[in-house]
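Colleague: Would you mind keeping the following structure in view while I ask a few things?
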Amino acid sequence: MADENWKPKIIAIICNWCSYAGADLAGGARIQYPPDIRSIRVMCTGRIDPLFILKAFQDGADGVLVSGCHFGDCHYLEGNFKAAKRMFLLKSVLKNIGLDDKRLRMTFVSASEGAKWGTVMTDVVKTIHELGPSPLKEFAK
Amino acid sequence: MSGSNHQYAFFLGCIAPNRYPGIEAAAVRTSKNVGIDLLPLKGASCCPAPGAFGSIDLYVWYAMAARNLVLAEQMKMDIALICNGCYKSIWEVNHKLKHNDELRDGVNEVLKEIDMEYKGTADVWHLAELYYDPKIVGVKKLAESVRRPLTGSKVAVHYGCHLMKPAKERHFGNTETPMWMEELVAALGAEPVQYRNKMQCCGAGGGVRGYDLAHALDITNEKLTNMEEVGVDAVTEVCPFCQLQFDRGQLEIKEKFGTEHRIPVLHYNELLGLAQGMSPDELALDLHAVDVEPFLKKIL
Amino acid sequence: MAEVKKNEEPRIGVFVCHCGTNIAGSIDVEAVKEYAKTLPNVIVADDYQYMCSTPGQNKIAEAIKEQNLTGIVVAACSPRLHEPTFRNATKTGGLNPFRFEMANIREQNSWVHMHQPEEATAKAKDAVRIAVAKASLLEDLVPKSVPVEKTAMVVGGGVGGMQAALDLANAGIKTYLVEKSPTIGGRMSQLDKTFPTLDCSQCILTPKMVDVYRNETIELLTYTEVEAVEGYIGNFDVTLRKKARGVLTPKEAEARGIVGGGCTGCGDCANVCPVIKPNPFELGMAPRKAIYIYHPQVSPLIYTVDFDACVKCGLCVESCGDKKAVDLEATDEFMTVKIGTIILALGYDIFPIEKKLEWGYKNYDNVITSLEFERLICASGPTGGHLVRPSDGETPKRVAFVLCAGSRDSTGVGKPYCSRFCCMYSLKHAHQIIEKIPGAVPYIFYMDIRSFGKQYEEFYYRIQNEGAKFIRGRVASITEDPVTKNLHVNAEDTLLGRPVDMEVDMVVLAAAIQPTAETEKTRRLFGVSCSQDGWLLEAHPKLNPCGTTTAGVYLAGVCQGPKDIPDTVAQAEGAASAASIPIHRGQVELEPYFAQCIEEKCAGCGLCVNQCPYSALSLVEKNGRTVMQVTEAKCKGCGTCGGFCPGGAIWMQHFATPQIVAQIDAFLLGGEE
Amino acid sequence: MAVKKDYKDQKLAEKLRDRKYYVSESNPEFTKDVEKLGQTAAHMCYQCGTCTGSCPSAPRSSYRIRLFMRKAVLGLEEEALTDPDLWLCTTCYSCTDRCPRDLAPTDAIMAMRNLAFRRDIVPRNFLQTVQLIYKTGHGVPNNDANRAARKRLGLEEEPETTHKYPEYLPGIRKILDHYRLKEHADRILAEGEKP
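Chains as they are written, first to last, in full-length UniProt numbering: chain Y, 1 to 141; chain B, 1 to 300; chain D, 1 to 673; chain Z, 1 to 195.
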């Protein structure tokens, strides 16, 4: 467990149609979750080049969340499926460079799952808190 | 043969060994006949009674049940038992401790005082579910073990509450219209009969038998009446406490309410013992409060 | 062909919205504004109570003109709500609307961190910084305008689908109405009477069915299912499977050169057919033949062969004679049609209430569902309108109605939602037995009577006055007397505080409703989301209840959530109106988020071609090199190709790699320590 | 707060006792305690009565499990814990299996009984079981008639439990003493019947 006062830097790259909408729904319902995550919106998780995530870790991110639609629910048919395959491979790359692969997480949150978004946010922050600051942080900048 | 048998630590409970020893004697012999060895679980105690203990302090209930579980863990064996009340305590506490770290840590803190630690390595089974499970015994094998079919007898089934309910925690599924015990009864050649409100409680549980006997008996009386309505030669169950309530209860009902029933009450293992050829003496059926003789006449 | 447009030195304006206290209540707007001023490229930063108001929007337009801005950032609500608003304001100021970027500091900040003002303010600053980074790299984009096919499609021929099709057709739009069963009419045609007016369901529905059938602008396709959907708003290609019906319409017969042939609905074929099957329209309570119609009022009045049951004896062919309507060798046919906009009106099914074992449906003869009650009480139903006990054909005198049977149930066996019309139709059922059976008493077991509609509460009074008995308690269990087959309904009268054991002759379960078995498959074909309960998801629950997140696809009726007939018809009219707008406008603008090939980087490997789900990419020869080319009309802008290209040769407009990397860097490298 | 009536006629004062429900009577902690001990979200109860309708005790007594749920939700601790009906639940779990809100009313009752015991409200028979287990390890111990029957069946007179192995009893007593259960049972029984 890291220092209680430490504020992790976590970036979420999320799709416009499901997870971003789900996150908006969580807001409408005033579901409270930890404020440590910053989001970047893309149209589809399929857009996410694994290099974006490596860049984030290189910049010192403590964790990265990728969130899209449930399988079969993708606005673009199968972008989320392709993203999931890429994230799966990327996790083994992270392990090879000595980074705990729990720092990268992919979740599936639909536009109607506001409560689930809150749970995911809380859970990701908890995981990163348990892992502590990224070992790559000192190389950033 | 015994080398390939399934082995379990045999948790006796209280009422079977101390009031209906025929159930204990039958369980050991009948299960051996279908490939199950029940080995003594030395030093086991009361499960402890879920109604009495659970009602006054759930944490004591957890700790006491955990002690019994640890005895089985030390034998490196799963537990088999023959009483629904014991099942509630032993199975449910095992389940809770396996899934709730906070609870387990609390229990282990107490067990430490007696040099024990609950690890969650043993599973708990009711002998009746092992009989029904085709991977262990199964209805077919059970039927093959029958030497003296109970043909011509009509038997009502009482499932009891604490084996299958609450359904969302257990794994038995249907608790409204189950039929698996009827299958077990039919395997012995008897005719299982349906009666109104068969899933109703015997009335004894939750400490009510001790707290308000008349209340408990009134529930029992309703069940017995429903059974009589369709005409049965005996009622069978898998819980010595339900057995006590139905069996002694009939005397108490006569005494308190002046109503007479004469339905023999047999634990499934006693019924199985009879079907496998055990004599009434070998089952100490004379200890039953309600005369079993009319039922025996039907089948012998 | 796109190239990285070398922006002039970026000049960004930042506007922070208070949204009353929605944002300012937990975020220090002033601090965010002051912080924005310190960021690179930011020329001006301002704040306002409501940025979406006219004065707020004017601030943006004026600042663009006065400060010669190249990009705009508004920190406010979700871009899913107000991005179009602020793009307009940006345009009004003379800037390309795609030079606008939004920072969401309400839905994903102030509302979800209400009690952590410091952290929320820090997060808002980060969000602004990230947005400014992107805005600095935004470029001019021009939306692509595409023509809209002047044809609509409605999927589902129940009352909602019929209404939508009629509205569209009457507005002059050619409309395909696709229905999976052999007739239109849907659930409403199974009902006897409708609440609260008590008019006969068939009487008000059949004229509509005839209207649909006769309407020349509607192409009615019964016994037809959607097989595949391609394309986008204005230009859908929908492939339909016309299931083998085995019977020719007069038109089809004519096409085959059979003069004066085709099915006239005479029924001679069914008379001779030797195969008997249960009729699903009568919920299996009446028979039909292997060649059949559901009921006499079907539309179109064309028989159908059930090929799973047919023994191909040929008697029907013989009896049909010269009309030669029966074709026992028929096979499924496929057709593809071009469609501008689509309405889904998929309807509902009844929850399999036998799963609630405590009520004994399918176990006890005299426990029936409400839909079975409708057929039994209906004059054209299997008993000619005489309500009888299935066990012995006797007329029931004491009838218990179980409300919330499987609705408002969070056990996992059942539905957590209110099915919304069961209260009202059960009141109607109570009225019907009082009216039809002298001395009959309905007992209504309820938790709440939800009589929310116009004249509904008054209807409740009326039924109470007619003699229905109301017992406030959910039914715990039902047991059957094995001899009389009477039922004992066990519940608690919670108002009396006493358990009830009520012996009745019949029990009617007001079973919950659920999406149809085909809904899941169909919604996926159209790219429509659903909520957790399986009902289709509207674009916005309040402000866009007929739309979906797939442009050009709209919802009508119960498939979007439980509704009674008036609400279904109202939503159908709404959906028809929404679906007609793009068609009447004649063209739609597509967001210009297309992929572009950076040809000098493209190695022509073609890996991206397989990534595209829309076959929008292809390899072409250009200046002696193989490079990728995008067909913009096919590209939907998901960016899956851009996320994959090993050479970084794909430029995703508005979500370009440098823009996203700038956002990542801005967050992680740019902040205050 | 309920209106106090200091009428000189005690009987009349009791007869005319203020029966309104006042929010000040509720103890929100009671709701929380019931939910924690019973591991069920009692406050989600919508009072449909499925529980009472399923209850084998309700038709023969004034015991209404729905009302106990209501009292748990409203924090009416005093009323719930001093009601002798609390001990009429046979723990058959029919209500739990059928509850449409997926609650466990049975476990809420068990929790309330635990809370009652903490205030020394408990029927004698529960305590006698404690004493028996402390003494023998069994709630229903062996007796001479049974020993004879066991012998006849070819079983050992004492079963393979604490009866045959009394060396296990100190461990059991340690557990019970840890919770001071025997001590409480002895004390309450000595003080005489409570409810």
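Built from N, CA and C at the ideal position, the CB exists for glycine as well.
Which same chain residues, not among the five before or five after residue 271(D), have their C-beta less than 6 Å away from its C-beta?
Modeller: Hits under 6 Å: none found.
Colleague: Looking at C-alpha atoms only, which residue of 139(Z), 116(Z) and 103(Z) is the closest neighbour of residue 77(Z)?
Modeller: Of 139(Z), 116(Z) and 103(Z), the residue nearest in Cα terms is 116(Z).
Colleague: Whole angstroms is fine: what's the gap from residue 56(B)'s alpha carbon to residue 156(D)'s?
Modeller: Roughly 60 Å separates the two Cα atoms.
Colleague: Roughly how many angstroms lie between the CA atoms of residue 375(D) and residue 187(D), to the nearest whole one?
Modeller: Approximately 11 Å between the Cα atoms of the pair.
Colleague: In three-state DSSP terms, what is residue 117(Y)?
Modeller: The answer is helix: DSSP assigns residue 117(Y) an H, G or I state.
Colleague: So if I threshold CB-CB distances at 8 Å, which residues from the stretch 84-116 of chain B count as touching chain D?
Modeller: The stretch 84-116 of chain B vs chain D, Cβ under 8 Å: nothing.
Colleague: Secondary structure at residue 651(D), three-state DSSP: helix, strand or coil?
Modeller: In this structure, residue 651(D) counts as strand in the three-state DSSP scheme.
Colleague: Tell me which residues of the UniProt domain "Cysteine-rich" (155-247) of chain B have at least one Cβ-Cβ distance to chain D shorter than 7 Å, keeping chain order.
Modeller: Residues 174, 176, 177, 196 and 197.
Colleague: Can you check whether the CB of residue 115(B) is closer than 8 Å to the CB of residue 78(B)?
Modeller: In this structure, residue 115(B) does not lie closer than 8 Å to residue 78(B) by Cβ.
Colleague: Kindly indicate which three-state DSSP category residue 674(D) falls into: helix, strand or coil?
Modeller: In the structure as shown, chain D begins at 1 and stops at 673. Residue 674(D) is therefore absent and cannot be evaluated.
Colleague: Looking at the unbroken alpha helix (DSSP H) that takes in residue 46(D), where does it start and where does it end?
Modeller: Unbroken run through residue 46(D) is the beta strand (DSSP E), 42-48; no alpha helix (DSSP H).
Colleague: Tell me which residue opens and which closes the alpha helix (DSSP H) that residue 293(B) is part of.
Modeller: Where residue 293(B) is concerned, the enclosing alpha helix (DSSP H) stretches over 293-299.
Colleague: So, for residue 42(Y): in the same chain, excluding its five sequence neighbours on each side, which residues have a beta-carbon less than 8 Å away from its beta-carbon?
Modeller: Within the same chain, residue 42(Y) has close Cβ partners 13, 14, 15, 16 and 48.
Colleague: By the 10 Å Cβ neighbour count, where 16 or more other Cβ atoms means buried, how is residue 359(D) classified, buried or exposed?
Modeller: Buried, since its Cβ has 16 or more Cβ neighbours within 10 Å.
Colleague: Going by the CB atoms, is the gap between residue 226(B) and residue 268(B) shorter than 8 Å?
Modeller: Contact flag unset, no.
Colleague: Using a C-beta to C-beta distance shorter than 9 Å, which residues of chain D count as neighbours of residue 129(Y)?
Modeller: Those within 9 Å of residue 129(Y) in chain D number zero; the least Cβ separation is about 14 Å.
Colleague: Can you name the residues that DSSP bridges to residue 230(D)?
Modeller: DSSP lists 237(D) as partners of residue 230(D).
Colleague: DSSP three-state call for residue 237(B): helix, strand or coil?
Modeller: Strand, per DSSP.
Colleague: Can you give, in chain order, each stretch of the alpha helix (DSSP H) that sits fully within the UniProt domain "4Fe-4S ferredoxin-type" (254-281) of chain D and has at least 4 residues?
Modeller: Listed in chain order, they are 268-272.
Colleague: In the stretch 46-72 of chain Z, which residues sit with their C-beta less than 8 Å from some C-beta in chain D, listed in chain order?
Modeller: So the close ones are 46, 47, 48, 49, 50, 51, 52, 53, 54, 55, 58, 59, 64, 66 and 67.
Colleague: Confirm, please, whether the CB-CB distance from residue 283(D) to residue 310(D) is below 8 Å.
Modeller: For residue 310(D) and residue 283(D), no; Cβs fall outside 8 Å.
Colleague: Mapping the DSSP letters down to three states, classify residue 39(Y) as helix, strand or coil.
Modeller: Note: residue 39(Y) maps to strand in three-state DSSP.
Colleague: What's the call for residue 230(B), buried or exposed, on a 16-neighbour Cβ count within 10 Å?
Modeller: So residue 230(B) counts as exposed.
Colleague: Run down chain Y in chain order and give the residues with a C-beta less than 8 Å from the C-beta of residue 661(D).
Modeller: 52 and 55, listed in chain order.
Colleague: Can you tell me where the beta strand (DSSP E) with residue 404(D) in it begins and where it stops?
Modeller: Start and end: 398-405.
Colleague: Quick one: give me the first and last residue of the alpha helix (DSSP H) that residue 106(D) is part of.
Modeller: Unbroken run through residue 106(D): none, as it is neither H nor E.
Colleague: In whole angstroms, give me the CA-to-CA distance for residue 326(D) and residue 337(D).
Modeller: So the two alpha carbons sit approximately 27 Å from each other.
Colleague: Nearest chain Y C-beta to residue 111(D) closer than 8 Å, yes or no?
Modeller: Closer than 8 Å: yes.
Colleague: Rounded C-beta distance between residue 366(D) and residue 485(D)? I'm assuming under 8 Å.
Modeller: Indeed they touch by this definition, with Cβ atoms about 6 Å apart.
Colleague: Is residue 3(Z) buried or exposed, if buried means 16 or more other CB atoms sit within 10 Å of its CB?
Modeller: With fewer than 16 Cβ atoms within 10 Å of its Cβ, residue 3(Z) is classed as exposed.
Colleague: Which chain B residues are close to residue 358(D), counting only those with a beta carbon under 7 Å from its beta carbon?
Modeller: Under the 7 Å cutoff, chain B gives 176.
Colleague: Are the C-beta of residue 103(Y) and some C-beta of chain D separated by less than 8 Å?
Modeller: By this cut-off, residue 103(Y) is not an interface position.
Colleague: Indicate the three-state DSSP secondary structure (helix, strand or coil) for residue 68(Y) in the structure shown.
Modeller: The answer is strand: DSSP assigns residue 68(Y) an E or B state.
Colleague: Would you tell me roughly how many angstroms separate the C-alpha atoms of residue 96(B) and residue 444(D), rounded to the nearest one?
Modeller: In a straight line, the C-alpha of residue 96(B) is about 41 Å away from that of residue 444(D).
Colleague: Hey, how far is the Cα of residue 92(D) from the Cα of residue 58(D)?
Modeller: Roughly 9 Å separates the two Cα atoms.
Colleague: For the stretch 84-95 of chain Z against the stretch 1-20 of chain Z, are there 3 or more C-beta pairs whose distance is under 8 Å?
Modeller: Segments in contact, no.
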